[in-house]
Amino acid sequence: MSDVAWIDPGNADQLRAWDTAEGVFWAEEAELFEHALHRYDDALLRAAGIRDGDQVLDLGCGTGSTTRAAAWLAGSGTAIGVDLSSPMLAIAERTAAAIGLPNAHFAQVDAQVHPFPDDELDVVLSRTGTMFFADPRAAFSNLARATKPGGRRVLLTWQPPPRNEWFSSFTTALAAGRQLPVPPPDAPGPFSQSDPDVVSRILVDAGFAAPTFEAHAEPMYFGPDVRTAERFVLGWLLADLDDTVRKQALDALCNDLAEHQTADGIAYDSAAWLITSHGP
Ligand SMILES: C[S@@+](CC[C@H](N)C(=O)[O-])C[C@H]1O[C@@H](n2cnc3c(N)ncnc32)[C@H](O)[C@@H]1O
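So the sequence shown is residues 26 to 305, counted in the working numbering.
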């Protein structure tokens with residue numbers, strides 16, 4: 026595990042997860058993860074309105090697909106992708122260099138506490154990278170401070186689990202008939218920013234302009250075929266099961282994946298909020 030210069034102790038578990046096993050898996054499967062959500066990218070980038078010369082921050086950039094797009098749009102400007110995960114950032118750096126994007130930069134930092142310079146950013150964007158902060162108010166205050174007056178912030182977060190078929194299907198398979206504990210909705214995790222009232226309050230308290238929430242629904246992709254999707258989902262969500270439960274879970278999962286085969290690959294319904302807060 027590499028060292029982040031300065032991390033909030035509340036984010037230590039996230040650093041451990043993203044910088045070791047989970048992050049290694051995401052890095053190894055970068056193409057699948059990046060492709061999984063690509064149908065949301067157009068709306069996210071349009072809302073960000075990146076212009077030539079902009080300074081853009083991509084928060085929780087992972088392996089960097091949205092940072093690369095932002096760097097391309099920023100032209101003479103710069104896109105900086107920040108993340109906790111050194112294996113994912115290594116892929117991000119390598120890919121940006123390979124396609125010749127000298128204005129894409131990456132840094133391993135805890136965005137909640139990193140001392141970004143004041144009033145430097147024209148755009149802060151994030152594709153599902155903001156839901157893991159131990160203290161989201163502190164994190165968004167830090168980002169509000171770093172954004173120029175009139176700057177634009179665009180966050181893609183998940184709507185609640187019942188609107189995300191991929192999540193309900195995979196957790197049903199994972200449960201393999203058992204009753205699994207439901208994590209509290211405000212704990213760091215994929216659905217911690219799914220309630221617009223809660224998120225609005227946090228953003229406004231942090232100094233953001235009152236945000237708007239646009240509902241988007243897109244297919245989420247898990248690979249071209251059942252075999253690829255099975256490897257992808259097993260490594261991601263079903264890693265810690267004993268052998269008997271694993272067999273049951275695997276059978277349920279494979280049947281479900283086969284039912285979701287489309288001409289474009291294995292696709293499940295998903296639903297996200299596009300949260301926009303421009304200015305003040
Ligand atoms: C669900 S992944 C999304 C990755 C990427 N944006 C994408 O769409 O493929 C969430 C990312 O947020 C990062 N992250 C979580 N907490 C963070 C923090 N405090 N500071 C910076 N990055 C963080 C994780 O390391 C992880 O890469």
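Cβ atoms here follow ideal geometry from the backbone N, Cα and C, with glycine treated the same way.
Model, not experiment: these values are computed from the prediction.
Three-state class that DSSP yields for aspartate 294 in the structure shown: strand
Hey, would you say serine 110 sits closer than 7 Å to glycine 48, going by beta carbons? yes
Work out the CA separation of isoleucine 75 and glycine 100 for me, nearest whole Å. 9 Å
Return helix, strand or coil for phenylalanine 286, following the three-state DSSP convention. Note on identity: in this sequence residue 286 is glutamine, with phenylalanine being the wrong assignment. Residue state, collapsed to three classes: strand.
Under three-state DSSP, which class holds aspartate 147? strand
Identified DSSP bridge partners for aspartate 83: Gly106, Leu150, per the DSSP bridge assignment.
Contact the region 278-293 vs the region 244-252: 3+ CB pairs below 8 Å: A contact exists between the region 278-293 and the region 244-252.
Serine 110 CB to nearest heavy atom of ligand 1 below 6 Å: yes
Inter-residue CB distance, aspartate 211 and arginine 177 (contact presumed, cutoff 8 Å): About 26 Å separates the two Cβ atoms, so there is no contact after all.
Alanine 136 and valine 107 closer than 7 Å at C-beta: yes
Near ligand 3: threonine 120 beta-carbon under 6 Å from a heavy atom: With respect to small molecules bound, the structure shown includes ligand 1 and not ligand 3.
Please determine whether the Cβ atom of glutamine 204 lies at a distance below 6 Å from any heavy atom of ligand 1. no
Could you check if leucine 178 belongs to the surroundings of ligand 1, using beta carbon to heavy atom distance under 6 Å? It is worth fixing the name first, because residue 178 is arginine in this sequence and not leucine. Flag unset: Cβ of arginine 178 not near ligand 1.
Rounded straight-line distance, which links the Cα of arginine 41 to that of methionine 26: Low local confidence applies: a pLDDT of 48 at methionine 26 is under 50, so the model's placement there is unreliable, with the coordinate-based value given in what follows. The C-alpha of methionine 26 lies about 8 Å from the C-alpha of arginine 41.
Contact the region 167-175 vs the region 189-202: 3+ CB pairs below 8 Å: no
Taking contact to mean 3 or more Cβ pairs, one atom from each stretch, closer than 8 Å, check whether the region 211-225 and the region 257-277 are in contact. The region 211-225 vs the region 257-277: no contact.
Taking the alpha carbon of aspartate 267 as the point to measure from, which residue in Ala132, Leu199, Ala72 has its own alpha carbon closest? Leu199
So what's histidine 60 in DSSP terms, helix, strand or just coil? helix
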